[in-house]
Amino acid sequence: MEKAVVVKNLTKAYGDFVAVDHISFEINKGEIFSLLGPNGAGKTTTISMLSTVRRPTEGDAFIMGHSIVSERYKVRKLIGVSPQDLTADDELTGYENVLIMAKLFGHRGREAEERVRWSLKFMDLWDNAFKKVREYSGGMRRRLEVAMSIVHNPSVLFLDEPTVGLDVQSRRHIWDLIRELKKNEITVLLTTHYMEEAEELSDRVAIIDRGKVIAIGTPEELKAKIKGERIYIRLRNQEGLGKLLEKVNEVIPGSSSISQGQLVIKVGSSSEVLPSLVKVLSRYDVIEIKIVKPNLEEVFIELTGRELKEEGGFDKFKFVMNRRRMAR
Amino acid sequence: MITETYTLTVREVKKWLSRKGSFIVSVITPLFWLGLFGKSLNFVSMLSPSNIPPQYQAMLSQYINKQLISLFGTTSYFTYLASGMFVVFSFFQSVFGGANLVFEKRLGYLNRLLMTPTPRSGIFLSKVLGTLVRILFYESVLLAIAYALGFAFKPGLTAVNFLAAGIAIILIGLGFSGMLVGIAFNIDNIEIMFAIINLINLPLMFASSALFPLKQMPSWLQGIAKLNPITYAADIVRYNLIGTPLSNYVESWAILIGISIALLIIGLFAGINAMERM
Numbered sequence: 002m003e004k005a006v007v008v009k010n011l012t013k014a015y016g017d018f019v020a021v022d023h024i025s026f027e028i029n030k031g032e033i034f035s036l037l038g039p040n041g042a043g044k045t046t047t048i049s050m051l052s053t054v055r056r057p058t059e060g061d062a063f064i065m066g067h068s069i070v071s072e073r074y075k076v077r078k079l080i081g082v083s084p085q086d087l088t089a090d091d092e093l094t095g096y097e098n099v100l101i102m103a104k105l106f107g108h109r110g111r112e113a114e115e116r117v118r119w120s121l122k123f124m125d126l127w128d129n130a131f132k133k134v135r136e137y138s139g140g141m142r143r144r145l146e147v148a149m150s151i152v153h154n155p156s157v158l159f160l161d162e163p164t165v166g167l168d169v170q171s172r173r174h175i176w177d178l179i180r181e182l183k184k185n186e187i188t189v190l191l192t193t194h195y196m197e198e199a200e201e202l203s204d205r206v207a208i209i210d211r212g213k214v215i216a217i218g219t220p221e222e223l224k225a226k227i228k229g230e231r232i233y234i235r236l237r238n239q240e241g242l243g244k245l246l247e248k249v250n251e252v253i254p255g256s257s258s259i260s261q262g263q264l265v266i267k268v269g270s271s272s273e274v275l276p277s278l279v280k281v282l283s284r285y286d287v288i289e290i291k292i293v294k295p296n297l298e299e300v301f302i303e304l305t306g307r308e309l310k311e312e313g314g315f316d317k318f319k320f321v322m323n324r325r326r327m328a329r
Numbered sequence: 020m021i022t023e024t025y026t027l028t029v030r031e032v033k034k035w036l037s038r039k040g041s042f043i044v045s046v047i048t049p050l051f052w053l054g055l056f057g058k059s060l061n062f063v064s065m066l067s068p069s070n071i072p073p074q075y076q077a078m079l080s081q082y083i084n085k086q087l088i089s090l091f092g093t094t095s096y097f098t099y100l101a102s103g104m105f106v107v108f109s110f111f112q113s114v115f116g117g118a119n120l121v122f123e124k125r126l127g128y129l130n131r132l133l134m135t136p137t138p139r140s141g142i143f144l145s146k147v148l149g150t151l152v153r154i155l156f157y158e159s160v161l162l163a164i165a166y167a168l169g170f171a172f173k174p175g176l177t178a179v180n181f182l183a184a185g186i187a188i189i190l191i192g193l194g195f196s197g198m199l200v201g202i203a204f205n206i207d208n209i210e211i212m213f214a215i216i217n218l219i220n221l222p223l224m225f226a227s228s229a230l231f232p233l234k235q236m237p238s239w240l241q242g243i244a245k246l247n248p249i250t251y252a253a254d255i256v257r258y259n260l261i262g263t264p265l266s267n268y269v270e271s272w273a274i275l276i277g278i279s280i281a282l283l284i285i286g287l288f289a290g291i292n293a294m295e296r297m
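Chains as they are written, first to last, in my numbering: chain A, 2 to 329; chain B, 20 to 297.
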């Protein structure tokens, strides 16, 4: 299959800090490919290298066969980028914002206007096209960022955290639109720290952590890395956990551990062990039992020992921090 | 490149026009300078004691006027100051144009532009031209205000005089906004940018003939003022609008053009270098 993006040993170091550490992957034409990882994993730095804004310290990448190091101008004509920041001008209308982008990509007059109309309609913004952006909602602003990046019909589209900070409804809306993009034969590279997003949208996923790609494959392939399901048990009295672990080990040998204040049992299928587990649990004051089918979050925990997203409410802070890092 | 530069310049102007408060804020500073400082420094009444006999009054004011003309080239210090302020205002606007870019970098717009095939020089020039449009607009407002407050144009003023004064003001704008935009491309911290602005703003205004004539200054300050393009622009504006004699007219133009273009080119290279280096 033809490759839209080929990344070879791409590395970016800031002094001693290696933000992106010899990553390699390939994206097929027409594919939706996700870089999934926590904040600060190096996703945005990767995008800024692939989009020719930052020069790699080492390695190279090819967009439709053109090097991001030696053929930057050609690469810029082929790509569209929807950055994590909300960049559209508040003081201008959505239409004006998109029109500026069309013109910067060399489209003129009628043709440019047609493209802007297409792009805004595609992103469901046409009804609000002539309103000032400052009147837009968060979801509309995000969609406008994407509209600004697809107006010139790029071969490869980079979407950097396209739904960060949005409510579920707006997020689903954007997901639907991204799926539509695929029909237009645009190759999409998406970065996200939402595992549902990667799972819902991607043909293939690369899990990235601390600047390194630690796993790559279709969501199904990745989930197959975890065998079976997990049962999480939380007790009212945390001291009882050790005792419970011993008891559980007697019934279901060698697959349990205590992690972050809860008992984790790895099983092939929960339905087989539940009857015996219930007997053991009846003597404990259980406040929560969670049975989790394999998902990408679990894959990340399995591979790194950490959770993909930190405790709730982190988004805003991290987001600002990311922006600060980008601005440097 | 021309279309891209034009597109981005129009963006700058549209953004500026939609910021409603900026007009008043921008006009108010030079207005204070003109109205309060320029109008209150009435040397004739300041220097005339009230208790001298009336027959000497006329003689004294004649003497003071003679002194003023030899010093400022006009009896109205307001007119002298206002013509200098035209140049200083162009300089101020240029300097603050750079700060605007530092904000825009923060918002991520510059990054977005850098991901497009837009020529880097076009990105730079649109910033400079956007500032220039603002300057031209505000200068016209300022001129109207100065006229209303009693600006004394020289007799026999022609359109050529206006054109020459305008070009001198534009050159100051091109040079300084070029330099400051170039600096801004290299700076990510708005506080550092403002520190730089403060560092050059007042010294460059005072070390020039914008507020006071060079011959009133200590010689070391004269030395600095003679390197300052604001001095030459102010001299050219005065020569054209109020008829202050200028012995080295052609030389003044040559120096003004030379320094302004040099600043613009240095800024251009500093800006492009910053964009390519990241």
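Glycine residues also receive a C-beta, built at the ideal position from the N, C-alpha and C atoms. The structure displayed is predicted, hence computed values, not measured ones.
Just checking: is the beta-carbon of residue i within a distance shorter than 8 angstroms of some beta-carbon in chain A?
i: R257/B; result: no
i: R139/B; result: no
i: E210/B; result: no
i: E31/B; result: no
i: T135/B; result: yes
i: L126/B; result: yes
i: R153/B; result: no
i: E158/B; result: no
i: M297/B; result: yes
i: T28/B; result: no
i: K34/B; result: yes
i: T24/B; result: no
By a C-beta neighbour count over all protein chains shown, 10 Å radius and 16 as the cutoff for buried, is residue i buried or exposed?
i: T135/B; result: buried
i: T24/B; result: buried
i: D177/A; result: exposed
i: V179/B; result: exposed
i: N70/B; result: exposed
i: G175/B; result: exposed
i: G16/A; result: exposed
i: L105/A; result: buried
Just checking: is the beta-carbon of residue i within a distance shorter than 8 angstroms of some beta-carbon in chain B?
i: F106/A; result: yes
i: Y74/A; result: yes
i: D90/A; result: yes
i: R211/A; result: no
i: E136/A; result: no
i: K291/A; result: no
i: S52/A; result: yes
i: I77/A; result: In the sequence as presented, Ile is not what sits at residue 77/A; that position holds Arg. Chain B, which has a Cβ nearer than 8 angstroms to the Cβ of R77/A, makes this yes.
i: V321/A; result: Residue confidence for V321/A is low, a pLDDT of 44 falling below 50, so the modelled location carries little weight; the figure read from the coordinates is stated next. No, no contact with chain B.
i: R56/A; result: yes
i: V82/A; result: yes
i: I69/A; result: no
i: E97/A; result: yes
i: E101/A; result: Note that residue 101/A is Ile in the sequence shown here, rather than Glu. So yes, I101/A belongs to the interface.
i: D61/A; result: no
i: D204/A; result: no
i: L182/A; result: no
Quick one: measure Cβ to Cβ for residue i and residue j, integer angstroms, because I've assumed they're closer than 8 angstroms.
i: F170/B; j: A101/B; result: 5 angstroms
i: V82/A; j: I48/A; result: 7 angstroms
i: T88/A; j: E146/A; result: 7 angstroms
i: D91/A; j: R135/A; result: 4 angstroms
i: L11/A; j: M50/A; result: 6 angstroms
i: E31/B; j: S145/B; result: 6 angstroms
Between which residues of its own chain and residue i is the CB-CB distance below 8 angstroms, once the five residues before and five after are set aside?
i: L223/B; result: F110, N247, I249
i: L233/B; result: Q241, A244, K245, T250
i: A77/B; result: none
Spatial neighbours of residue i within its chain, please: CB distance less than 7 angstroms, with the 5 preceding and 5 following residues excluded, ordered by chain position.
i: A163/B; result: none
i: T193/A; result: S35, L37, E162, A199
i: L133/B; result: M294
i: A183/B; result: I255, N259
i: G141/B; result: M20, E23, T24, L27
i: F172/B; result: L260, I261
Within a Cβ cutoff of 6 angstroms, which residues of the same chain sit near residue i, ignoring the five residues on either side of it in sequence?
i: R237/A; result: D286, I288
i: W127/A; result: L121
i: S196/B; result: S113, G116, V147, T150
Cβ contact check for the segment 52-69 of chain A and the segment 226-238 of chain A: 3 or more pairs under 8 angstroms
Segments in contact, no.
The segment 282-294 of chain B contacting the segment 202-213 of chain B, beta-carbon criterion three pairs below 8 angstroms
Touching, yes.
I'd like to know if the segment 206-213 of chain A and the segment 290-309 of chain A are in contact, where contact means that at least 3 CB-CB pairs between them fall below 8 angstroms.
They touch, by the three-pair rule.
- prompt: So does the segment 90-109 of chain B actually touch the segment 249-265 of chain B, counting three or more Cβ pairs closer than 8 angstroms?
  reply: Verdict: yes, contact present.
Counting pairs of Cβ atoms below 8 angstroms between the segment 164-172 of chain A and the segment 21-28 of chain A, do you hit three or more? At 8 angstroms Cβ cutoff, the stretches do not touch.
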